[in-house]
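First the structure, in the form of structure tokens, and then the observations on it.
Residue numbers (our numbering): 654 to 978.
Below, the structure is given as structure tokens:
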């Protein structure tokens with residue numbers, strides 16, 4: 654990411670993003686509240702404070718951000734690793750029984766998935782289907798830095814597609830100038846078989862169900878999600894990933910939804926409030942919001958805030974996970 658803290662760190666992985674899940678929203682004058690249920694505690698972790706791990710005979714280094722391992726965010730149905738690979742080094746061909754998504758944060762790589770080969774540069778999402786043989790080599794002059802996601806298949810898609818409920822009014826941003834052209838993507842039945850997408854090829858959009866005031870300060874690029882018309886992204890019905898941006902001094906209002914999320918910060922500084930708990934988050938912070946946890950994000954930095962959000966069908970079959978990375 655040009656000009657970000659990722660590109661300024663060569664040997665340690667830089668900033669991770671945060672994932673804000675946005676579905677079909679509803680706003681009620683009676684101020685809706687989320688249903689009460691037993692959920693794991695809200696957890697956040699700064700990746701720069703986690704140890705690096707290596708695998709035998711593999712030059713790749715990784716940190717365990719989310720999963721059953723001690724030190725990270727505890728979830729049984731999701732694995733998130735931060736990866737670092739020196740230029741010229743590679744990862745030999747392998748396969749997994751669960752789907753995997755890599756988000757390239759810095760550096761460059763040549764990927765091979767089954768019989769398809771392509772280059773991946775910063776802000777590229779790479780999807781590896783279950784069982785696909787895949788390998789990659791760091792081809793840039795700096796370290797390859799990436800975030801790898803694996804989720805258990807067969808999860809609760811009803812929760813994933815339930816959408817969000819807004820519990821606060823959208824602040825008045827009507828005096829803010831618009832700085833980008835926003836595209837209205839529409840649902841499509843024509844799913845693609847793409848294995849990667851560059852964010853530069855995806856135009857900005859926003860959550861059109863909210864007020865125009867919010868459109869002026871918030872936007873996102875859907876990288877992985879259900880099929881959309883006139884959209885070059887990766888099609889999956891059980892996972893959503895997008896690159897998101899919030900203008901300086903703006904806030905995304907408090908909301909909740911049945912699906913859990915993991916957000917990973919890339920650039921800027923934010924003040925999160927999750928179920929009433931305040932969290933200061935800068936580059937390198939990952940945040941997990943349990944199902945129906947109320948959460949709000951405010952940009953408290955001087956420039957735009959960028960994060961990566963990951964929203965998946967929870968409580969899938971964990972038997973497919975392989976040990977290690």
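Heads up, the beta-carbon is just placed ideally off N, CA and C, and yes, glycines get one too.
Since I believe residue 913 is in contact with residue 824 (beta carbons under 8 Å), could you give me their beta-carbon distance rounded to a whole number of angstroms? Incorrect: roughly 26 Å between the Cβ atoms, too far for contact.
Under 8 Å by Cβ, that's how I've got residue 873 and residue 888 pegged, so tell me the actual separation to the nearest angstrom. Between residue 888 and residue 873 the Cβ distance is about 17 Å, and since that is not below 8 Å, they are no contact.
With residue 734 and residue 749 assumed to form a contact (beta carbons below 8 Å), what rounded beta-carbon distance in angstroms separates them? Between residue 749 and residue 734 the Cβ distance is about 12 Å, and since that is not below 8 Å, they are no contact.
For residue 705, the first and last residue of its enclosing beta strand (DSSP E): Unbroken run through residue 705: none, as it is neither H nor E.
Report yes or no: do the region 761-770 and the region 780-798 share at least 3 C-beta pairs separated by less than 8 Å? Proximity of the region 761-770 to the region 780-798 meets the contact definition, three or more beta-carbon pairs being nearer than 8 Å.
From 727, 751, 708 and 726, pick the residue whose C-alpha is nearest to that of residue 736; which is it? 708
Cut-off 7 Å between Cβ atoms - residues of its own chain near residue 942, not counting five sequence neighbours on either side: 695, 913, 914, 927 and 948
Status (buried if at least 16 other CB within 10 Å, exposed otherwise) for residue 770: exposed
At what residues does the beta strand (DSSP E) containing residue 745 begin and finish? Start and end: 743-747.
Excluding sequence positions up to five away, which residues of its chain have a Cβ less than 6 Å from the Cβ of residue 878? 893
Return no unless some Cβ of chain C is closer than 8 Å to the Cβ of residue 854. The displayed structure is made up of one protein chain only, and chain C is not part of it.
Hey, would you say the C-beta of residue 826 is under 7 Å away from at least one heavy atom of the ligand ZN? Absence of the ligand ZN is noted for the structure shown, with no ligands found whatsoever.
Using the three-state DSSP reduction, which class does residue 817 fall into: helix, strand or coil? strand
Using the three-state DSSP reduction, which class does residue 679 fall into: helix, strand or coil? At residue 679 the pLDDT is 37, less than 50, meaning the model places this residue with poor confidence; the figure from the coordinates comes in the next sentence. Strand, per DSSP.
Can you pull the DSSP bridge partners for residue 802? 733 and 754
Are three or more beta carbon pairs between the region 951-958 and the region 898-913 nearer than 8 Å? yes
Give the straight-line distance between the Cα atoms of residue 747 and residue 845, rounded to the nearest whole angstrom. 24 Å
With residue 807 and residue 969 assumed to form a contact (beta carbons below 8 Å), what rounded beta-carbon distance in angstroms separates them? 5 Å
Flag this pair as yes or no: are the beta carbons of residue 777 and residue 790 separated by less than 8 Å? no
Taking the alpha-carbon positions, what's the residue 718 to residue 724 distance? 8 Å
Whole angstroms is fine: what's the gap from residue 930's alpha carbon to residue 907's? 12 Å
Under 8 Å between the Cβ atoms of residue 835 and residue 738? Taking 8 Å as the Cβ cut-off, residue 835 and residue 738 do not qualify as a contacting pair.
Let's see if you can read the secondary structure: which residues bound the beta strand (DSSP E) around residue 713? Element bounds for residue 713: n/a, residue is neither H nor E.
Compare the Cα-Cα distances from residue 843 to each of 775, 856, 880 and 868 and report the closest residue. 880
Going by the CB atoms, is the gap between residue 727 and residue 793 shorter than 8 Å? No, they are not a contact pair.
Please identify the residue among 753, 853 and 819 whose C-alpha is closest to the C-alpha of residue 782. 753
What do you get for residue 745, buried or exposed, if any count of 16 or more other CB atoms within 10 angstroms of its CB means buried? exposed
Span of the beta strand (DSSP E), counted from its first residue to its last, around residue 769: 769-773
Looking only at DSSP bridge pairs, what is residue 909 linked to? In DSSP, residue 909 forms a bridge with 818.
Which term fits residue 822, buried or exposed, when burial requires 16 or more other beta carbons within 10 angstroms of its beta carbon? exposed
Exposed or buried, residue 934, counting other C-beta atoms within 10 Å across all chains shown (16 or more means buried)? buried
Give the secondary structure of residue 973 by DSSP, where H, G and I count as helix, E and B as strand, and everything else as coil. helix
Between the CA atoms of residue 729 and residue 813 - distance to the nearest angstrom: For the pair residue 813 and residue 729, the Cα-to-Cα distance works out to about 17 Å.
Return the chain-ordered list of same chain residues with a C-beta closer than 7 Å to the C-beta of residue 683, the five sequence neighbours on each side being excluded. The pLDDT assigned to residue 683 is 49, lower than 50, so where the model puts this residue is not dependable; a value taken from the coordinates is nonetheless given after this. Sequence-distant partners of residue 683 (beyond 5 residues in either direction) whose C-beta falls short of 7 Å from its own C-beta are missing from its chain.
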